Ligand code: NAD
């Protein structure tokens, strides 16, 4: 039973993070949302999630490039709820370009938001989880944490880093009651990807379903997007008591992508 547990989900104002936060709140987990975006929309989403679940839902605006703010995000969860059971490191950004043309500041931003924030949030959460004798650190990596694609080398580097960090955490924490795992999604139809489908269909002059199958899902044997519920199912498993022996794993939820 996850009811009454407390979770922090970074980057949960949109896409996967928002869906995972909703799935946790639906189980009665009190959640701290985080992420960028229009404050009025964030507040409306927060209230809506709280109204339709039994969970208390809070929001903290920590910027994942700022270590002090990340520490305050974790401290805020404890101030509000008195404990922290689940940390989901999900915030992420993408930039697609050849390495020799990749803006230097985009490399720094990608590594900061994806990899370094995972270190800072975990570092702040571990003492709290150790004191409780139980904790769950769940990092949203990617199929790109296991295999590469062209023009995404910095993203691939950051996600491989997340997978490596997860394994290091897991072996270090193995006797503390804290598990650490990475979920490695294939393509998920988030707002970001939906916009890409429309753009590509226009520029290539082909229907949107062909863009999905031939361009975006070229690497994904199922030729279907991974759905939010499929990631939420893995998250709830890892967060629950029956997930206690799963630690240090990079769990693919990718429609067969990394099997090829
Ligand atoms: P998204 O753009 O919809 O959401 C990203 C979230 O991160 C947003 O809430 C955003 O505000 C937040 N964020 C970005 N920069 C931040 C910062 N500096 N500080 C705080 N929050 C910040 O993207 P998504 O597709 O839902 O991606 C979520 C995670 O899943 C990312 O780590 C991404 O790499 C990973 N992922 C996505 C896919 C996919 O197909 N969409 C596949 C594999 C992995």
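Residue numbers (my numbering): 1 to 260. Glycine included, C-beta positions come from ideal geometry on N, C-alpha and C. Computed from a prediction, not measured in an experiment: that's the story for all the values here.
- Assignment of residue 59 by DSSP, reduced to helix, strand and coil, places it in the strand class.
- By a beta-carbon distance limit of 8 Å, residue 198 does not contact residue 226. Their separation comes to about 20 Å.
- In this structure, the C-beta of residue 63 approaches the ligand NAD to less than 7 Å from one of its heavy atoms.
- Take residue 160, set aside five residues on each side of it, and the residues of its chain with a beta-carbon closer than 6 Å to its own are 145, in chain order.
- Judged by DSSP in its simplified three-state form, residue 112 adopts helix.
- In the three-state reduction of the DSSP assignment, residue 175 falls in the coil class, being assigned neither a helical nor a strand state.
- If you check the CB distance, residue 121 and residue 17 do not come in under 8 Å.
- For residue 66, there is no enclosing beta strand (DSSP E), as DSSP marks it with neither H nor E.
- Following the DSSP letters along the chain, one finds residue 136 inside the beta strand (DSSP E) bounded by residues 135 to 140.
- The alpha-carbon of residue 21 is positioned some 32 Å away from that of residue 201.
- Scanning 66, 89, 179 for the CA closest to the CA of residue 12 turns up 89.
- Counting along the chain, no alpha helix (DSSP H) covers residue 87; the unbroken beta strand (DSSP E) around it starts and ends at 86 to 89.
- Pairwise C-beta distances place the segment 169 to 188 in contact with the segment 132 to 152, as three or more of them are shorter than 8 Å.
- Going by DSSP, residue 33 is part of the beta strand (DSSP E) stretching over 30 to 34.
- Minimum Cα-Cα distance from residue 153 among the listed residues 104, 173, 195, 193 corresponds to 104.
- In this structure, the alpha-carbon of residue 52 lies about 16 Å from that of residue 4.
- If you draw a 10 Å sphere on the C-beta of residue 118, you find 16 or more other C-beta atoms in it, and that means buried.
- In the same chain as residue 62, and ignoring 5 residues on each side of it, the C-beta atoms closer than 7 Å to its own belong to 34, 69, 70, 72, 73, in chain order.
- In the DSSP assignment, residue 7 falls within the beta strand (DSSP E) that extends over 6 to 9.
- One thing to note: residue 166 has its Cβ within 8 Å of the Cβ of residue 248.
- Residue 188 carries a strand assignment under DSSP once its states are collapsed to helix, strand and coil.
- By the Cβ neighbour-count rule, residue 192 is exposed, with fewer than 16 other Cβ atoms within 10 Å of its own.
- Relative to the ligand NAD, the beta carbon of residue 34 is positioned inside 7 Å of a heavy atom.
- Separation of residue 224 and residue 107 (C-alpha to C-alpha, rounded to the nearest whole angstrom) is 30 Å.
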